[in-house]
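Participant:
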Amino acid sequence: MNHNEEFHYPSPSSHHPAWDARRIRALREYLGITQSQLADELQVRQQTISEWETGMHIPHRSMQKLLSMLAERAAFPYITGAEE
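Counting in my numbering, the sequence shown runs from 372 upward without gaps.
1) Is TYR449 close to the ligand HEM? I mean its beta-carbon at under 7 Å from any heavy atom of the ligand.
2) Can you tell me whether GLN414 is buried or exposed, with buried defined as 16 or more other CB within 10 angstroms of its CB?
3) Looking at the structure shown, is ASP391 part of a helix, part of a strand, or coil, going by DSSP?
4) Within 10 angstroms of the Cβ of GLN435, are there 16 or more other Cβ atoms? Answer buried if so, exposed if not.
5) Nearest to ARG393 by CA position, among GLY426, GLY403, SER433, is which residue?
6) According to the neighbour-count rule (16 or more other Cβ atoms, all chains shown, within 10 Å of its Cβ), is SER407 buried or exposed?
7) Tell me the residue span of the alpha helix (DSSP H) that contains GLN408.
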């Protein structure tokens with residue numbers, strides 16, 4: 372990574388959800404945890420995490436904020452738009 376790049380954590384948007392299926396799974400894998408462990412961390416069901424990761428549902432705004440906080444706390448190297 373270029374040290375001049377700046378980290379930009381996703382912010383929720385009703386038109387373009389920042390935390391889509393791919394990003395949620397990438398965060399979970401970066402953390403090295405299971406869907407059940409992420410569910411426990413966010414106080415949701417494991418099935419909810421599965422639904423997010425398959426794109427069946429997207430997290431509500433409050434959950435997207437929690438995902439961003441978790442990513443920031445873990446220093447998740449996610450640059451918005453860089454891989455799109």
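We put the beta carbon where it would ideally sit given N, CA and C, even for glycine.
All of these numbers come straight from a predicted model, not from anything done at the bench.
Facilitator: Taking the structure as given:
1) For the ligand HEM, the structure offers nothing, since it holds no ligand at all.
2) exposed
3) coil
4) By the neighbour-count rule (16 or more Cβ atoms within 10 Å), GLN435 is buried.
5) GLY426
6) Burial state of SER407 is exposed, judged by a 10 Å Cβ sphere holding fewer than 16 other Cβ atoms.
7) From DSSP, the alpha helix (DSSP H) with GLN408 extends over 406–413.
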